[in-house]
Amino acid sequence: MNLDPNETEQAFRTEVRAFVEQSLPDDIRQTVLNGRELGKDDYLRWQRILHQRGWGAPGWPKAFGGTGWTALQKHIFDEETTTAGAPGQVAFGLHMVAPVIMAFGTPEQQQRFLPRILTGEDWWCQGYSEPGSGSDLASLKMRATLSPDGKNYVLNGQKTWNTLGQHADWIFCLVRTNTEGRQQAGISFVLVDMKSPGITVRPIIMLDGGHEINDVFFDNVIVPVSDRIGEENRGWSYAKFLLGHERTGLALIGQSKRALKRLKMIAKFEQANGKPLVEDQRFRDRMARAEIDLTALDITMMLLLSVDESKPLGPEVSMLKIRGTEILQVLTELTMQACGHAALASLPQALKPGWEGVPIGHIYTPPVAGWYFNMRKLSIFGGSNEIQKNIISQMILGL
Amino acid sequence: MNLNLSDEQLALKETLRRFVAKDYSFKTRHDIIHSEEGISAAHWAQFAELGLLALPFAEAHGGLGGNAVDTMLVMEAIGSGLMVEPYLATVVLAGGLVQDAGTEAQKNALLPNIADGSLRMAFAHYEPGGRYEMSQVSLRAERLADGYALDGVKTFVLHGAQAAKLVVSAQDGAGLSMFIVDSEADGVSVRGYVTQDNLRAAEITFNAVKVGAAALLGAAGDAEPAILRALDAANAALCAEAVGAMDALNQATLEYLKTRKQFGVAIGSFQALQHRMVDMFTAATQARSMAILASIRVASGTTEERRWACAAAKVLVSESARLVGQQAVQLHGGMGVTDELSVSHYFKRLTCICASFGDADYHLDYVSSRLLAA
Ligand SMILES: Cc1cc2nc3c(=O)[nH]c(=O)nc-3n(C[C@H](O)[C@H](O)[C@H](O)COP(=O)(O)OP(=O)(O)OC[C@H]3O[C@@H](n4cnc5c(N)ncnc54)[C@H](O)[C@@H]3O)c2cc1C
């Protein structure tokens, strides 16, 4: 065993690094690294740049215009782009609906939707959760009834917690097409144009004051049956496929590495007792523990990536999600702690890109508290950490 | 030993409970925090009417002669109602310092006005870059023929922009001293800001601010013991506030566990969540014990006892507040991270309490250092 990258791996890393160095627009890099607010256009610009390089879809097979990379290459790509300050690629189209369309969509659907995801022309959002159906997703109620001529579905109901739905052109939804029998067996997977009459998007303001989630209401929204994926009432299995598809999921290793680097910088800069905070043993130990935890997760990830790719990863992904989210949460908490009471000042204007006012504290201080608050979501979404533990205890441990 | 509240204290507790329930709804608070000033004059007047603003001051100065245990009851109610009025800044900190270190004339001039609600004050002590260190004061007080000139910057002045007068710590030739300064005085510029938990604070710059000799609060160069007492009282008060907030948050979370259904059952039927909830209640109970200890020591302990108890309480209360705050959000699922529910507001207040007037690490350092001394 050794950890030395082989030549191809090293060459690949160098290539990605050089590309990001050269191609990531500086204003976007600054916005990301300084924790400012990213706009829709920032995501789109970066997606176009990646697409031009042929790297628009790191997770897709070549046949669909993807890179055809191995899981390890994807991991390296993610780590390099993230630590350099690139915005994450919006996952809903690229990583969530696209694999489903590839696996279960018709050739027409594939031709119609996939290229526009690659270029960023279509922004997708995910319509799974409902007010009464979060962890228990299969209980979802939003109805899709067939029109008398059998050509259209009529959608009525509500989706919620819809991430960045305010930017979206399309939403993929799980809807109820059958109310009898097993709940899971009455769900269909449909693609809905957000411009359809009858859709209302209402912002949900989060605890940090930001607008990144929404309620989406459906009032007699017409969806052509041809925009259903696969068979009626089989939507649950397509959604499950999606969950199994993500190997590296929410381990957030790139983000945590970036956060740790930033924390180290801040801890050198902040003063405690007339010395840099990093010289405070108590605080330094906390950073050290986070670093150890992150390293353990990183190696765990490498071990998983070394497993033959044809074998689907199962519940191990749950472990990555639990530890990955916990570690990033701790790092954001430590970053806030490092800033002392200056972190308590709320300066929403200081989160806008290009703000050049005088902060309370230092230039890095204004976003830190909101970042910590916002990141509480990590252990709630994508299958809450409690649900992930249920999966591990049932599927791995057999309890 | 008697750990029971007196009849008067029980009555006060009940009055406060009713006040929060009737007059300080989450909606009322919402309107207050989004107002220009960020605090409510009407509610402040009610505080005065209820005698809360007079509570800890001596009867001779318009007060009610209460002590830190009474303050604890008020702060607990402030925590449970997430009240944003400047009780800590005005009554506990600045008022406490005047009562503690002031001359008869200063007490007569200020305390009755605090007590009747007409004067709000704040304590300007921490400085940029000084973190929580109480002795890191570099604001200069230059001796003049007829008084002093103050130069320097104070930060995290709680409710500094809502105060007419400030108690300002400064270095004069003799050492650490305190001055009473009008917020409107020439050379004082106040940059008020909203805090992450929707309170108000300010960064205040003093530029050749002239004050008379009578502005000196306490003996020149001898302010440290009084400041330490005030900061301990503030931390004891914050611990009580945190306890009030944790209780409210635990109640809300318990209610949610009983009513939110997933998989056809109340989520409170999942043992993982039951145990989590038990941990949260245990943490809040232990926090309450330490908040009580701190208040008793502020009321009547020796310096050693007081300092130890306040530091130890802040450590344990901060750790409890972290657990209760984070887990209340977690157990509410998506609802927990919305601005709409009070849950996230309690979580943010608790987070900010932990980061105010010394975080857990800072206070642990003191408790830990006493082991070496023993
Ligand atoms: C910021 C954010 C963005 C999101 N974006 C999207 C999106 O774009 N699209 C989308 O469809 N959804 C999205 N979600 C929804 C997310 O998937 C749900 O919030 C999540 O599934 C939890 O559901 P819930 O909020 O209803 O909580 P609940 O399911 O009500 O859970 C409440 C608490 O109970 C616990 N719990 C529930 N069941 C069990 C059990 N069996 N055992 C132990 N504990 C249990 C949970 O872990 C949680 O702590 C988002 C959520 C957030 C917070």
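First to last, the sequence lines map onto chains A and B. Quick note, the first sequence lines up with residues 255 to 653 if you use our numbering. Quick note, the second sequence lines up with residues 22 to 395 if you use our numbering. All residues carry an ideal CB built from backbone N, CA and C; glycine is no exception.
| Check | Outcome |
| --- | --- |
| A/Val561, DSSP secondary structure in three states | coil |
| Same chain only: Cβ atoms within 7 angstroms of B/Ala66, ignoring 5 sequence neighbours per side | Gly138 |
| Nonlocal neighbours in the same chain, by C-beta distance under 7 angstroms from B/Ala229, ignoring five residues either side | Ala170, Asp172 and Gly208 |
| Min CB distance B/Ala222 to chain A below 8 angstroms | yes |
| Short Cβ contact (8 angstroms threshold) for B/Gln120 with B/Phe177 | no |
| Three-state secondary structure (DSSP) of A/Cys379 | strand |
| Given 8 angstroms, three or more beta-carbon pairs between the region 475-482 of chain A and the region 399-413 of chain A | yes |
| B/Leu47 burial status per 10 Å Cβ neighbour count (16 or more: buried) | The identity of residue 47 of chain B in the sequence shown is Phe, whereas the question assumes Leu. When all chains shown are included, B/Phe47 counts as exposed. |
| Presumed contact (8 angstroms Cβ cut-off) between A/Leu548 and A/Ser510, rounded CB distance | 5 angstroms |
| Selection of the region 405-437 of chain A by Cβ proximity to chain B, strictly under 8 angstroms | Thr414 and Trp415 |
| Inter-stretch contact at 8 angstroms, needing at least 3 Cβ pairs: the region 346-360 of chain B / the region 377-390 of chain B | no |
| Backbone secondary structure at A/Glu651 - three-state DSSP | Looking at the sequence shown, residue 651 of chain A is not Glu but Leu. Coil at A/Leu651, not helix or strand. |
| Alpha-carbon spacing of B/Ala261 relative to B/Asp268, whole angstroms | 11 angstroms |
| Neighbour flag for B/Gln292 against chain A, beta carbons, 8 angstroms | no |
| Interface positions of the region 195-222 of chain B facing chain A (Cβ-Cβ less than 9 angstroms), listed along the chain | Arg212, Tyr214, Val215, Thr216, Gln217, Asp218, Asn219, Leu220 and Ala222 |
| B/Ser377, DSSP secondary structure in three states | coil |
| Neighbour flag for A/Ser600 against chain B, beta carbons, 8 angstroms | yes |
| A/Cys379 versus A/Gly489, A/Trp415, A/Asn410 and A/Glu485, residue with shortest Cα-Cα distance | A/Trp415 |
| Ligand 1 heavy atom lying under 7 angstroms from the CB of A/Trp378 | no |
| Cβ-heavy atom distance, A/Arg430 to ligand 1, below 7 angstroms | no |
| Proximity test, A/Ile467 beta-carbon vs ligand 1 heavy atom, cut-off 7 angstroms | yes |
| N- and C-terminal bounds of the alpha helix (DSSP H) containing B/Ile313 | Gln292 to Ser321 |
| Cross-chain neighbours of A/Asn527 in chain B, by beta carbon under 7 angstroms | Glu154 |
| Enclosing beta strand (DSSP E) for A/Asn474 [first to last residue] | His465 to Pro478 |
| Paired residues, beta bridge with B/Met142 - DSSP | B/Lys186 |
| With 16 other Cβ atoms within 10 Å as the buried cut-off, status of A/Ser401 | exposed |
| Short CB-CB distance (under 8 angstroms) between B/Phe144 and chain A | no |
| Check: B/Phe291 C-beta below 7 angstroms from any heavy atom of ligand 3 | For ligand 3, the structure offers nothing, since it holds only ligand 1. |
| C-alpha gap between A/Ile355 and A/Lys575, whole angstroms | 25 angstroms |
| Rounded distance between the beta-carbons of A/Tyr626 and A/Glu570, thought under 8 angstroms | At roughly 28 angstroms, the Cβ-Cβ gap does not stay under 8 angstroms, so A/Glu570 and A/Tyr626 are not in contact. |
| Partners in chain A for B/Leu270, counting only beta-carbon separations shorter than 8 angstroms | Those do not exist, as B/Leu270 stays about 14 angstroms from chain A at its closest Cβ, beyond 8 angstroms. |
| Residues near A/Trp377 by beta carbon distance below 6 angstroms, same chain, minus five either side | His421, Ala422 and Asp423 |
| Of the residues A/Trp323, A/His305, A/Leu304 and A/Val622, the one placed nearest A/Gly313, counting alpha carbons only | A/Trp323 |
| Neighbour flag for A/Met460 against chain B, beta carbons, 8 angstroms | yes |
| For B/Val286, the three-state DSSP class (helix, strand or coil) | strand |
| Cutoff 8 angstroms: B/Lys175 Cβ touching any chain A Cβ | no |
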